[in-house]
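In the numbering used here, the protein residues as written are 664 to 751.
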């Protein structure tokens with residue numbers, strides 16, 4: 664019951680991983696499309712889509728993929744594709 668609404672939405676939109684973006688209630692963008700486990704890529708995605716840029720947009724965040732499971736450091740052991748969001 665705690666997260667049932669979230670589970671129902673994930674099933675409705677066929678979302679199987681986090682983070683996943685849902686645009687206009689229909690287009691699912693996988694984390695693998697924008698470097699979703701890289702803090703700097705997530706920041707760029709938010710900053711590029713904002714009309715007014717926050718002060719955090721000029722700060723450089725980690726470009727290291729974070730762990731998808733519990734770990735001591737938070738860094739991933741997965742070497743991933745290296746995709747990252749950027750403003751174009």
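For glycine and all other residues, C-beta sits at the position ideal for the given N, C-alpha and C.
Just verifying my parser: in three-state terms, what is the DSSP assignment at residue i?
i: residue 724; result: coil
Pick out whichever of the options has its Cα sitting closest to the Cα of residue i.
i: residue 727; options: 714, 701, 675 and 705; result: 701
i: residue 723; options: 707, 668, 666 and 672; result: 707
i: residue 712; options: 689, 684 and 725; result: 684
i: residue 705; options: 719, 671 and 715; result: 719
What do you reckon, are the CB atoms on residue i and residue j nearer than 8 Å?
i: residue 703; j: residue 721; result: no
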